[in-house]
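Protein chains in written order, with the UniProt record's numbering: chain A, 1 to 239; chain B, 1 to 239; chain C, 1 to 239; chain D, 1 to 239; chain E, 1 to 239; chain F, 1 to 239. Note that CB positions come from ideal geometry on N, CA and C, so glycine has one too. These numbers were taken from a predicted model, which means no experiment stands behind them. Below is one structure; the comments refer to it alone.
Number of protein chains: 6
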Amino acid sequence: MPRPDDRANDQLRTVRIQRGWLDHAEGSVLVEFGATRVLCAASVQESVPRWRRDSGLGWVTAEYAMLPRATNTRNDRESVRGRIGGRTHEISRLIGRSVRACIDFKALGENTVQLDCDVLQADGGTRTAAITGAYVALADAVSWMRGRKLLRGNPLMTSVAAVSVGVVEGEPRLDLCYEEDGAANTDMNVVCTGDGRFAEVQGTAERAPFDRSELDALLDLAAAGCAELTRLQNEALAR
Amino acid sequence: MPRPDDRANDQLRTVRIQRGWLDHAEGSVLVEFGATRVLCAASVQESVPRWRRDSGLGWVTAEYAMLPRATNTRNDRESVRGRIGGRTHEISRLIGRSVRACIDFKALGENTVQLDCDVLQADGGTRTAAITGAYVALADAVSWMRGRKLLRGNPLMTSVAAVSVGVVEGEPRLDLCYEEDGAANTDMNVVCTGDGRFAEVQGTAERAPFDRSELDALLDLAAAGCAELTRLQNEALAR
Amino acid sequence: MPRPDDRANDQLRTVRIQRGWLDHAEGSVLVEFGATRVLCAASVQESVPRWRRDSGLGWVTAEYAMLPRATNTRNDRESVRGRIGGRTHEISRLIGRSVRACIDFKALGENTVQLDCDVLQADGGTRTAAITGAYVALADAVSWMRGRKLLRGNPLMTSVAAVSVGVVEGEPRLDLCYEEDGAANTDMNVVCTGDGRFAEVQGTAERAPFDRSELDALLDLAAAGCAELTRLQNEALAR
Amino acid sequence: MPRPDDRANDQLRTVRIQRGWLDHAEGSVLVEFGATRVLCAASVQESVPRWRRDSGLGWVTAEYAMLPRATNTRNDRESVRGRIGGRTHEISRLIGRSVRACIDFKALGENTVQLDCDVLQADGGTRTAAITGAYVALADAVSWMRGRKLLRGNPLMTSVAAVSVGVVEGEPRLDLCYEEDGAANTDMNVVCTGDGRFAEVQGTAERAPFDRSELDALLDLAAAGCAELTRLQNEALAR
Amino acid sequence: MPRPDDRANDQLRTVRIQRGWLDHAEGSVLVEFGATRVLCAASVQESVPRWRRDSGLGWVTAEYAMLPRATNTRNDRESVRGRIGGRTHEISRLIGRSVRACIDFKALGENTVQLDCDVLQADGGTRTAAITGAYVALADAVSWMRGRKLLRGNPLMTSVAAVSVGVVEGEPRLDLCYEEDGAANTDMNVVCTGDGRFAEVQGTAERAPFDRSELDALLDLAAAGCAELTRLQNEALAR
Amino acid sequence: MPRPDDRANDQLRTVRIQRGWLDHAEGSVLVEFGATRVLCAASVQESVPRWRRDSGLGWVTAEYAMLPRATNTRNDRESVRGRIGGRTHEISRLIGRSVRACIDFKALGENTVQLDCDVLQADGGTRTAAITGAYVALADAVSWMRGRKLLRGNPLMTSVAAVSVGVVEGEPRLDLCYEEDGAANTDMNVVCTGDGRFAEVQGTAERAPFDRSELDALLDLAAAGCAELTRLQNEALAR
């Protein structure tokens, strides 16, 4: 089985990062990994949640959601169902933890950045696109805060980017699209910081358990993919 | 107080209607009324809700929602709050009723079209933009159904378009932006069919009650605005 | 099709307004439009919602609900379902807006009047009966407040009353009962102030869209009906 | 402390039972115990809940609720809060069990009677008034069913009535009003069948625990009160 | 029908009360009535609910729940269903009221004890086991508070214990197991204080109504059972 | 900082696996990792969820929850809050995926095993204890099914066990208790099958990102820990 879009196994899909997609948000990015399209908005609040008050520390949090027709068949809205599903909760928490990995909360001061990642269209890798885009929106929100003199220092210690990897028909592949994701044996999401270290590693055996050598090959592939995404983030931020 | 964007009182904002914005949906439109930006997706299901079964009739329904940072300050997600607010309910119902006004349910057969209108950015008139865009997405979904031979006839008896009007500082104005909406005395949303008749008229006194002559002036303005929107819808569908 | 109760097309049903139906509420009215029976209670609170504090302004809000067996077949309770339906939300909001149209919030001072409109029996026109009764309950609550010296002036700038109108078999008719409501082509709810101006106009094409001349005929009919209701409200308040 | 309305300790408040208060319900009663006013509606469904199907047996169930301004200060609606409180649940279950105590489910056949008891005004004893009224509404619904030939026999084996008793300042008293209820040491609700036996006994020590002799005195008082209520129910049903 | 475990009619099941079953809770008890096993945890908070503040009085409250596989067939979790059922509400309230019957709130001071009663395994009598165990956990929490000098006096005016009784095949029996509970005609839960008075009496006719002599026999049986449970509680607390 | 219980860095806490802790469940285990105590119940249903019907395949699913006083300070019940938190959702999903990794769904046939993992006491590693215990409960449920001839073959392809590892003060440590968990820089949960392969790897940078060599050291430690847990599971199952 060749890749549906004829990519090499270690090749990312076409990645587009459009900054300033919204007029109101302090930072906003429309990020695309191939046909996956996620709108990331960063909202700044000059306060922190109650449990964080008077600590001198800031906070960064994230929420992930999918429009009902982002996918091939329509999904009911979680607002209509009256509850958030487990998958949504899990991904929101992953994005939040990942982005917090690059933040110096002291430098942020008692400010909160809320990152909203809404999937407009899904073709695999929505959570990794969301993390990659959310970092850029966050960086823009940090610039906005710096312009308003809200910061004590530079809260961005490094950057974060994320990519999915998986074993499809015995081959480790980078940045799986939806079709590959469904065919993958092992599925892994890896979040790296700009300096090449790991913030999150989440690997799951979808069919058979995986051994250490497969795990190693996937980690290599993901680290290289994240490095390339870091380059694209920096390029976008330099524009 | 001149209009914030120097429009004439009877002038629409720049309206853009982009068809086919999503890969999966049977019809999809990104509609813009100035800075208001609504993504409308039409999803076809080859069945009807239970209460409609074995009637030979189809169904069309709509859901409206706003991304948390569509507005100037962030709003909590209704999925997180666990309940849909009254405003959302009210607008979803309005869109559904409006779009159903142009449908011949017998010709539609026992199929359902679900219209999802998600506001990506809000600057006043989100419900009227949603109705105007939803009609175009619906028309594309109808074409898709026709291609699949799912229909018994032409379910589109006419088209629908909608616009807001209001009295701002004594002057009737067409297609209010957010700033004007907040300053309006009377606020009215009008839905017209392609042949110039009314599907919905919803007028509200925001400050002082309005008299019959004001009402008449607003209805004239709205009818003309809807006629222009009908032209733009047809133009978009002809592309 | 003659009217089920042989009324003239421009004739209201028998309207009864019983004040003081409850012992505890600061104002309470059992209002009947024919077989439609709504209990309206006005509760005074000497404070305002948080977003209104320290503004010097009061607030008036409303909630509408229906007992499960108000209708021909039993409806599940919204408390049991765990969520309020769209129709209930929409009508609660309509009642609130309508009644606020007659209030001078400065004269009310930082007090809140909560209007509860509970439909004990439904035969069409429950929302218009509710608005008409709620005004009288509100007026009694205002008297109660005046007696307690809670007011800065007279918060009632005018009165409000509401009535439904519709086109049934080509004829514009006033104050539709349930049977007529189901048969109506166009259905409109109109809220007028005591001086004959409009606070709300909500017209919906139930079957075919309506044209301007139909709209005009319905508005005339509604305005006359509201004037008669205003007279009945004043009569009740004078007792 | 004399009784607020100068009743003798073993005297009921004025009890009024108005049948046929609603046009639609198969049985309906407005029952008053002094200022306590409960609307009881019986709805017949010619089927049973899923777990009861094909058993040949019927079902009777009840729901209790209070209008927001039934009480001295306004209570939030349970529909708005999105959940039913423990007290409401508890009373609904009590009414259901009590009324089922007089039913022969075989004679009822696979039919369901749903009893809705809505408190329009509360002055103590709402649950006992509800049970007393619900029985009469149920009896009327049974007559309606008999008229439609839906029954296999007479499902009413006996009647049920309920009353509260309590010890106030050392004295056992019958049918406590709200003020007495708050001052009572022991509070007991007793449900009796028409033949003088017990369907439910619920006694609670509100302040100090009670001993057997107090319990006995309260049971005597309650049994006599229920006998009198049974007489009033029969009188109402004979009208 | 002999008792499933060959007990005498006035005999309790084997009762075990294990104190200190949890490391964290201020008081904790694993209580067993035969195969019924309830974990009772007492949590101390050095504050009271808002409505109780500045009263100088403490508060004691309880929550009851059942693990999904406590019973013969699995029950869905109430957290998953998103709402607490009526039975759970009712029992939580019963436990709270019962335990509060032995408390001097002035001596407790502005502290709250929260009692959590989680049924690990159910074989009838879970609510009475919960009350019996909760008292012991509460007594341990009170000792803990005394050790911390949080108390103004001794808040335990007496003890409470509870047992179920019922009429099975015409015979009054003590402490019904699940099988007997299902076969019982009358079912009663009785809560007594350590000095032999009643805190709660809840009797329900499961099949036919019961007369005064049955009621008397059940109350005798229950009072003796509670006295025995009181002895076992004291024994456990003396260990 | 030495380990709070003086263990070697590569040493598990005392692990106890008690089978048959519940009378009703088809499999049940009380598993302890030191002071962490989780009750795992396996419930067999001879059917599958709707989306799985007529596939010939079985299903295994899991739910995780914590008693309110499992932890040092009391947590509100998720049933009372009316919604399941993100952490609970995430762990329930992890347990389900992990246990499914050892199942041959064809051999299971159209049966469902529901695993309920309720944390009675928490001292770190609740999710890994839950997975380790759930496997044993599952194995007992499989034996029960085999005894009833419900199976087509052996659905257990292998076993699963799980352990946490983390870097505390620069040292990789196995099976963290709560205190260590809070002090860990990197925190990883690893699920291995009985043959030493990986079913899940979830690593999170709690403070600073981690590099590949740290990751490798943690994976080595976890794999050895899981091998030891596998031995203890087999020992328990052999009893």
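For residue 23 (chain C), the closest alpha carbon among the candidates D:160, D:215 and D:74 is that of D:74. A Cβ-Cβ contact shorter than 8 Å links residue 125 (chain A) with residue 175 (chain A). Residue 146 (chain A): member of the alpha helix (DSSP H) spanning 126-147, first to last residue. Between the alpha carbons of residue 154 (chain E) and residue 198 (chain E) lies a distance of about 21 Å. The alpha carbon of residue 52 (chain A) has as its nearest neighbour, out of A:92, A:101 and A:111, the alpha carbon of A:111. Residue contact with chain B for residue 82 (chain A): present (Cβ-Cβ distance below 8 Å to some residue of chain B). DSSP links residue 27 (chain E) through a beta bridge to E:42. Under a criterion of Cβ atoms nearer than 9 Å, the residues of chain A adjacent to residue 120 (chain B) are, in order, 21, 22, 39, 118 and 120.
Contact note: residue 73 (chain C) does not reach chain B at a C-beta cutoff of 7 Å; the least C-beta distance is about 13 Å. By DSSP's assignment, residue 37 (chain C) forms a beta bridge with C:32 and C:121. Close to residue 35 (chain D), with beta-carbon spacing below 8 Å, are these residues of chain C in chain order: 23. If you draw a 10 Å sphere on the C-beta of residue 93 (chain B), you find 16 or more other C-beta atoms in it, and that means buried. In this model, residue 120 (chain B) and residue 226 (chain B) are separated by some 23 Å (Cα to Cα). Contact annotation: residue 61 (chain B) and residue 96 (chain B) have beta-carbon atoms nearer than 8 Å. Within chain B, 116 have C-beta atoms less than 7 Å from the C-beta of residue 68 (chain A), given in sequence order. When the five nearest sequence neighbours on each side are left out, the beta carbons in the same chain lying within less than 8 Å of the beta carbon of residue 76 (chain C) are those of 68, in order along the chain. Rounded to whole angstroms, the Cβ separation of residue 122 (chain C) and residue 178 (chain C) is 7 Å, and the two are in contact under 8 Å.
Residue 188 (chain C) is bridged by DSSP to C:165 and C:203. The closest CA to that of residue 185 (chain A), considering only A:56, A:165 and A:221, is found on A:165. Taking 7 Å as the upper bound on Cβ-Cβ separation, chain B lies near residues 193, 197, 198 and 199 of the stretch 169-199 of chain C.
In the three-state reduction of the DSSP assignment, residue 216 (chain F) falls in the helix class. In the three-state reduction of the DSSP assignment, residue 59 (chain B) falls in the strand class, which pools E and B. Against chain F, the beta carbon of residue 215 (chain A) has neighbours under 9 Å at 198, 201 and 219, listed in chain order.
The alpha-carbon of residue 229 (chain A) is positioned some 16 Å away from that of residue 218 (chain A).
For a Cβ distance threshold of 9 Å, residue set 63, 65, 78, 79, 84 and 116 of chain A lies close to residue 77 (chain B), ordered along the chain. Looking at D:220, D:129 and D:152, the one whose alpha-carbon comes closest to that of residue 33 (chain D) is D:129. Among the bridge pairs identified by DSSP, residue 18 (chain A) is matched with A:30. With a 10 Å radius around the Cβ and a threshold of 16 neighbouring Cβ atoms, residue 72 (chain B) comes out exposed. In the structure shown, residue 115 (chain F) falls within a strand segment according to DSSP collapsed to helix, strand and coil.
The beta carbon of residue 195 (chain B) sits closer than 7 Å to those of 158, all from its chain and outside the five residues before and after it, given in chain order. If you look at residue 90 (chain B), you'll find it isn't in any beta strand (DSSP E); it sits in the alpha helix (DSSP H) that goes 86-100. Within chain A, 97 and 200 have C-beta atoms less than 7 Å from the C-beta of residue 204 (chain F), given in sequence order. If you draw a straight line from the Cα of residue 190 (chain C) to the Cα of residue 144 (chain C), it is about 29 Å long. Under the three-state reduction of DSSP, residue 78 (chain E) is assigned to helix. Residue range 171-174 is occupied by the beta strand (DSSP E) that includes residue 171 (chain F).
Cα atoms of residue 118 (chain F) and residue 137 (chain F): separation of roughly 13 Å, rounded to the nearest angstrom.
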